[in-house]
Amino acid sequence: MASTIRIRAIAGGDTTQVQSLISHPMDSGFVKDSKGQLIPAHHIEVVEFEHAGKVVFTCLWGPAVSKDPYVKFSFKGAKKGDDLKVSWVDNKGLSDSLVAKIQ
Amino acid sequence: MNEYADAPGQTRRTMLKGAAALAALGYGAGGLMPEAYAAADAKAWPADAFKQKGEADALKALYGKGAEASDKINLDAPEIAENGAVVPIAVTSSLPNVTAIAILVLDNPNTLAAAYKIPAGTEASVASRLKMAKTSKVVAVVESGGKLYSATKEVKVTVGGCGG
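As they're listed, the protein sequences go chains A and B. The first sequence begins at 1 in the numbering used here and counts up by one. The second sequence begins at 1 in the numbering used here and counts up by one.
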């Protein structure tokens, strides 16, 4: 997959509904591997959704968010064809971002 | 990925278009690229709040105040979650001027699971999936007009999501 982010934003009238899936292990730091060693915590900390230079939604995530996290929200003021930018950063400093078109 | 497969209008063509746009932007090389085009800032992450054990401490660390119960919050969570690794939880609220939503799982090792910032123009509604170690009360907290309100629901977990 080219990106870790899959996003689907659909404008319906005034409101745009956004669904996104990010491919990430979201290791909690409480799980042991097959050798009995704890797998260190590795999880996304912040996800930001930006439309027209304005942040429309921010996720602050702890290790209790499920693997390959999914989130759904809605915001007003966007129309079909607009750009929606998504970016995330995790506790190891890894990050990714994507610009999607609102459908 | 089922949401995408089942969603109407998502065709192979739109997926390919997306992939082409990515390649054009130079993101085609691969997944985890450190600091590529990053806007999300790890400094915004409230590390202290996520370490707290207990509802009151977590809320104090996150918002500096406590919450009162409200019937204007709809916490949609299953009565029984068969798989604690993936518990779908949705929060919506009819309260005015909502600026934040937080979800707490009281019997998880760390209470705070996720927090969301809701700017003006964004609806007071979020759906996502959480891990639950065992049967626990789940608390949705909504900040409205500078005050905190909460709703609670118990979710029974048959297989814990913290493994090991």
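Ideal Cβ placement from N, Cα and C applies to all residues, glycine included. Being a predicted model, the structure only gives us computed values, none of them experimental.
With the cut-off set at 7 Å, would you say residue i and residue j are in Cβ contact?
i: residue 54 (chain B); j: residue 111 (chain B); result: yes
i: residue 11 (chain A); j: residue 130 (chain B); result: no
i: residue 150 (chain B); j: residue 95 (chain B); result: no
i: residue 69 (chain B); j: residue 59 (chain B); result: no
i: residue 57 (chain A); j: residue 92 (chain B); result: no
i: residue 173 (chain B); j: residue 106 (chain B); result: Residue 173 (chain B) lies beyond the range of chain B shown here (1 to 164); nothing can be said about it.
i: residue 184 (chain B); j: residue 89 (chain B); result: This structure leaves residue 184 (chain B) out entirely; chain B is present only between 1 and 164.
i: residue 84 (chain A); j: residue 51 (chain A); result: yes
i: residue 102 (chain B); j: residue 45 (chain A); result: no
i: residue 117 (chain B); j: residue 138 (chain B); result: no
i: residue 56 (chain B); j: residue 98 (chain B); result: no
i: residue 62 (chain A); j: residue 40 (chain B); result: no
On the DSSP letters alone, give me the boundaries of the alpha helix (DSSP H) that residue i sits inside.
i: residue 130 (chain B); result: It is not in any alpha helix (DSSP H) - residue 130 (chain B) instead sits in the beta strand (DSSP E) that spans 125 to 130.
i: residue 94 (chain A); result: Here residue 94 (chain A) belongs to no alpha helix (DSSP H), and DSSP marks it neither H nor E.
i: residue 50 (chain B); result: 47 to 51
Going by beta carbon distance, what residues of the same chain come within less than 6 Å of residue i, once the five residues before and after it are set aside?
i: residue 47 (chain A); result: 59, 88
i: residue 98 (chain A); result: 3, 5, 86
i: residue 70 (chain A); result: 21
i: residue 165 (chain B); result: Look at the range of chain B in this structure, 1 to 164, and you will see that residue 165 (chain B) is not part of it.
i: residue 7 (chain A); result: 20, 86, 100
i: residue 132 (chain B); result: 84, 87, 105, 157, 161
i: residue 126 (chain B); result: 91, 101, 116
i: residue 71 (chain B); result: none
Which residues in the same chain as residue i place their Cβ atom closer than 8 Å to its Cβ, once the five residues preceding and following it in sequence are excluded?
i: residue 46 (chain B); result: 61, 62, 115
i: residue 48 (chain B); result: 61
i: residue 93 (chain A); result: none
i: residue 95 (chain A); result: 87, 88, 89
i: residue 156 (chain B); result: 79, 80, 81, 135
Residue range of the beta strand (DSSP E) that residue i falls in?
i: residue 73 (chain A); result: 70 to 76
i: residue 148 (chain B); result: 147 to 159
i: residue 115 (chain B); result: 112 to 117
i: residue 76 (chain B); result: 73 to 76
Give the interface partners of residue i over in chain E, defined as CB-CB distance under 9 Å, in chain order.
i: residue 105 (chain B); result: Structure shown: chain E not included; protein chains present are A and B.
Who are the Cβ neighbours of residue i in its own chain at under 7 Å, not counting the five residues just before and after it?
i: residue 14 (chain A); result: 76
i: residue 91 (chain A); result: 41, 42, 43, 45
Check whether the segment 12 to 30 of chain A and the segment 78 to 85 of chain B touch, using three or more Cβ-Cβ pairs below 8 Å as the test. The segment 12 to 30 of chain A, when compared against the segment 78 to 85 of chain B, does not touch it at the 8 Å Cβ threshold.
Inspect the CB distances between the segment 29 to 46 of chain A and the segment 70 to 77 of chain A and report whether three or more fall short of 8 Å. no
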